[in-house]
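Novice:
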Amino acid sequence: MTAPSITLTRLDVQRLERLIDSLDDTLPGVIALQTELDRADTLVGHDEVPADVVTMNSRVHCREESSGKDYHLTLVYPKDANADQGKISILAPVGSALLGLKVGQHIDWPAPGGKTLKLTLLAVEVQPAHGGDFPE
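Numbering (my numbering), first residue to last: 1 to 136.
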(Lines of atoms letter the chains of each structure in order from A and count residues from 1; the text may use other names and numbers.)
(Lines give C-alpha, C1' and ligand atoms only; values in the text may rest on other atoms or scores of the structure.)
Protein backbone atom coordinates (compact mmCIF):
# COMPACT_ATOMS: atom_id res chain seq x y z
CA MET A 1 0.00 0.00 0.00
CA THR A 2 1.20 3.49 -0.80
CA ALA A 3 1.42 5.70 2.24
CA PRO A 4 -1.13 8.54 2.22
CA SER A 5 0.00 12.15 1.90
CA ILE A 6 0.50 13.90 5.21
CA THR A 7 0.54 17.45 6.55
CA LEU A 8 2.69 18.39 9.55
CA THR A 9 3.10 21.55 11.56
CA ARG A 10 6.54 23.12 11.74
CA LEU A 11 6.22 23.21 15.55
CA ASP A 12 5.54 19.45 15.73
CA VAL A 13 8.45 18.75 13.38
CA GLN A 14 10.83 20.88 15.47
CA ARG A 15 9.78 19.18 18.71
CA LEU A 16 9.86 15.69 17.21
CA GLU A 17 13.30 16.25 15.69
CA ARG A 18 14.53 17.25 19.17
CA LEU A 19 13.00 14.04 20.54
CA ILE A 20 14.70 11.96 17.83
CA ASP A 21 18.04 13.66 18.55
CA SER A 22 17.74 12.63 22.21
CA LEU A 23 17.16 8.94 21.42
CA ASP A 24 19.01 6.01 19.87
CA ASP A 25 18.45 6.47 16.14
CA THR A 26 18.57 2.70 15.55
CA LEU A 27 15.38 2.02 17.53
CA PRO A 28 12.49 0.94 15.26
CA GLY A 29 10.11 3.59 16.63
CA VAL A 30 12.67 6.35 16.03
CA ILE A 31 13.34 5.12 12.48
CA ALA A 32 9.60 4.98 11.72
CA LEU A 33 9.04 8.49 13.08
CA GLN A 34 11.96 9.92 11.08
CA THR A 35 10.56 8.24 7.96
CA GLU A 36 7.19 9.94 8.54
CA LEU A 37 8.80 13.34 9.11
CA ASP A 38 10.87 12.94 5.94
CA ARG A 39 7.88 12.09 3.76
CA ALA A 40 5.61 14.97 4.82
CA ASP A 41 4.07 16.57 1.74
CA THR A 42 3.12 19.82 3.41
CA LEU A 43 4.55 21.79 6.34
CA VAL A 44 2.33 24.49 7.81
CA GLY A 45 2.38 26.85 10.74
CA HIS A 46 0.54 25.65 13.85
CA ASP A 47 -2.04 28.37 13.20
CA GLU A 48 -2.61 27.16 9.61
CA VAL A 49 -3.20 23.44 10.13
CA PRO A 50 -6.65 22.23 9.03
CA ALA A 51 -8.88 21.00 11.88
CA ASP A 52 -9.16 17.52 10.29
CA VAL A 53 -5.41 16.77 10.39
CA VAL A 54 -3.76 14.77 13.20
CA THR A 55 -1.14 16.76 15.11
CA MET A 56 0.65 15.97 18.35
CA ASN A 57 -1.77 15.70 21.29
CA SER A 58 -4.75 15.26 18.95
CA ARG A 59 -7.53 12.93 20.06
CA VAL A 60 -8.79 10.86 17.14
CA HIS A 61 -11.57 8.42 16.33
CA CYS A 62 -10.55 5.60 14.01
CA ARG A 63 -11.92 2.23 12.93
CA GLU A 64 -10.17 -1.04 12.21
CA GLU A 65 -11.81 -2.08 8.95
CA SER A 66 -11.87 -5.89 9.18
CA SER A 67 -13.35 -6.05 12.69
CA GLY A 68 -15.29 -2.77 12.65
CA LYS A 69 -13.79 -1.96 16.08
CA ASP A 70 -13.58 1.73 16.90
CA TYR A 71 -10.66 3.31 18.74
CA HIS A 72 -10.39 6.70 20.43
CA LEU A 73 -6.69 7.50 20.71
CA THR A 74 -4.63 10.51 21.76
CA LEU A 75 -1.26 10.94 20.07
CA VAL A 76 1.29 11.88 22.75
CA TYR A 77 5.00 12.18 23.47
CA PRO A 78 6.55 9.01 24.97
CA LYS A 79 6.57 10.40 28.54
CA ASP A 80 2.75 10.76 28.42
CA ALA A 81 1.92 7.38 26.86
CA ASN A 82 -0.67 5.27 28.68
CA ALA A 83 -2.36 2.53 26.67
CA ASP A 84 -5.10 2.07 29.29
CA GLN A 85 -6.14 5.70 28.71
CA GLY A 86 -5.79 5.46 24.92
CA LYS A 87 -2.69 7.69 24.97
CA ILE A 88 -0.47 6.35 22.21
CA SER A 89 3.21 7.29 21.94
CA ILE A 90 4.41 8.92 18.74
CA LEU A 91 7.11 6.20 18.80
CA ALA A 92 4.53 3.37 18.61
CA PRO A 93 3.88 2.09 15.07
CA VAL A 94 0.30 3.38 15.06
CA GLY A 95 1.42 6.69 16.58
CA SER A 96 3.88 7.66 13.88
CA ALA A 97 1.48 6.33 11.22
CA LEU A 98 -1.37 8.57 12.46
CA LEU A 99 0.68 11.78 12.53
CA GLY A 100 -0.32 14.14 9.74
CA LEU A 101 -3.26 12.07 8.48
CA LYS A 102 -6.44 13.75 7.32
CA VAL A 103 -9.95 12.48 8.11
CA GLY A 104 -10.95 9.78 5.61
CA GLN A 105 -7.42 8.50 5.02
CA HIS A 106 -6.34 4.92 5.77
CA ILE A 107 -3.16 3.48 7.26
CA ASP A 108 -1.83 -0.02 7.67
CA TRP A 109 -1.35 -0.81 11.36
CA PRO A 110 1.23 -3.53 12.14
CA ALA A 111 -0.35 -5.89 14.67
CA PRO A 112 1.18 -8.67 16.76
CA GLY A 113 1.98 -11.87 14.90
CA GLY A 114 2.89 -10.14 11.65
CA LYS A 115 -0.71 -9.30 10.82
CA THR A 116 -1.51 -5.93 9.24
CA LEU A 117 -4.75 -4.15 10.07
CA LYS A 118 -6.31 -1.35 8.02
CA LEU A 119 -7.24 1.67 10.12
CA THR A 120 -9.45 4.50 8.84
CA LEU A 121 -9.35 7.95 10.44
CA LEU A 122 -12.99 8.90 11.06
CA ALA A 123 -12.57 12.13 13.04
CA VAL A 124 -10.12 14.41 14.76
CA GLU A 125 -12.08 14.96 17.97
CA VAL A 126 -9.61 17.37 19.58
CA GLN A 127 -6.69 19.07 17.90
CA PRO A 128 -4.73 21.29 20.30
CA ALA A 129 -2.84 23.01 17.47
CA HIS A 130 -6.10 24.18 15.90
CA GLY A 131 -7.34 25.46 19.24
CA GLY A 132 -4.16 27.40 19.99
CA ASP A 133 -2.93 24.95 22.67
CA PHE A 134 0.57 23.59 22.04
CA PRO A 135 1.54 21.20 24.87
CA GLU A 136 4.89 19.43 24.58
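Ideal Cβ placement from N, Cα and C applies to all residues, glycine included.
Am I right that Leu43 and Arg18 are in contact with their C-beta atoms under 8 angstroms? What's the rounded C-beta distance?
Specialist: Position 43 of the sequence shown, counting from 1, holds the residue named residue 43. Position 18 of the sequence shown, counting from 1, holds the residue named residue 18. No, Leu43 and Arg18 are not in contact; Cβ-Cβ is about 16 angstroms, not under 8 angstroms.
Novice: Along the chain, where does the beta strand (DSSP E) containing Ala123 start, and where does it finish?
Specialist: Working through the sequence shown from its first residue, we reach residue 123 at position 123. Ala123 -> beta strand (DSSP E) spans 116-126.
Novice: For Gly100, does the count of other Cβ atoms within 10 angstroms reach 16, so buried, or fall short, so exposed?
Specialist: Locating residue 100 in the sequence shown gives position 100, counting from the first residue. It is buried - the Cβ of Gly100 has at least 16 other Cβ atoms within 10 Å.
Novice: Leaving out the 5 sequence neighbours to the left and right, which residues in its chain are closer than 7 angstroms to Lys87 when beta-carbon positions are compared?
Specialist: In the sequence shown, counting from the first residue as 1, residue 87 sits at position 87. Once the five neighbours on either side are set aside, the close Cβ partners of Lys87 are Thr74, Val76, Asp80, Ala81.
Novice: Can you list, in chain order, the residues of its chain with a C-beta nearer than 7 angstroms to that of Gln34? Leave out the 5 residues immediately preceding and following it.
Specialist: Counting from one through the sequence shown, the residue named residue 34 turns up at place 34. For Gln34, where only same-chain residues beyond five positions count, the Cβ hits under 7 angstroms are Ile20.
Novice: Run the CB neighbour count on Ala97, radius 10 Å, all protein chains shown included, and call it buried at 16 or more, exposed below.
Specialist: The residue you call residue 97 lines up with position 97 of the sequence shown. Burial call: buried.
Novice: Spatial neighbours of Pro93 within its chain, please: C-beta separation below 6 angstroms, excluding the five flanking residues on both sides.
Specialist: Translated into the one-based positions of the sequence shown, residue 93 becomes position 93. Once the five neighbours on either side are set aside, the close Cβ partners of Pro93 are Pro110.
Novice: Do you know whose CA, among Ile6, Asp108, Ser5, Leu117, lies nearest Ser67's CA?
Specialist: In the sequence shown, residue 67 corresponds to position 67, counting from 1. It is Leu117.
Novice: Between the alpha carbons of Asp25 and Asp41, how many angstroms are there, rounded?
Specialist: Within the sequence shown, numbered from 1, the residue matching residue 25 stands at position 25. Within the sequence shown, numbered from 1, the residue matching residue 41 stands at position 41. Cα to Cα, the separation comes out at about 23 angstroms.
Novice: With distances taken between CB atoms, is the gap from Val60 to Val124 smaller than 8 angstroms?
Specialist: The residue labelled residue 60 in the question sits at position 60 within the sequence shown. The residue labelled residue 124 in the question sits at position 124 within the sequence shown. The answer is yes: Cβ separation under 8 angstroms.
Novice: Look up Tyr71 in the DSSP assignment and give the residues it is bridged to.
Specialist: Translated into positions along the sequence shown, residue 71 becomes position 71. DSSP output for Tyr71 lists Cys62 as bridge partner(s).
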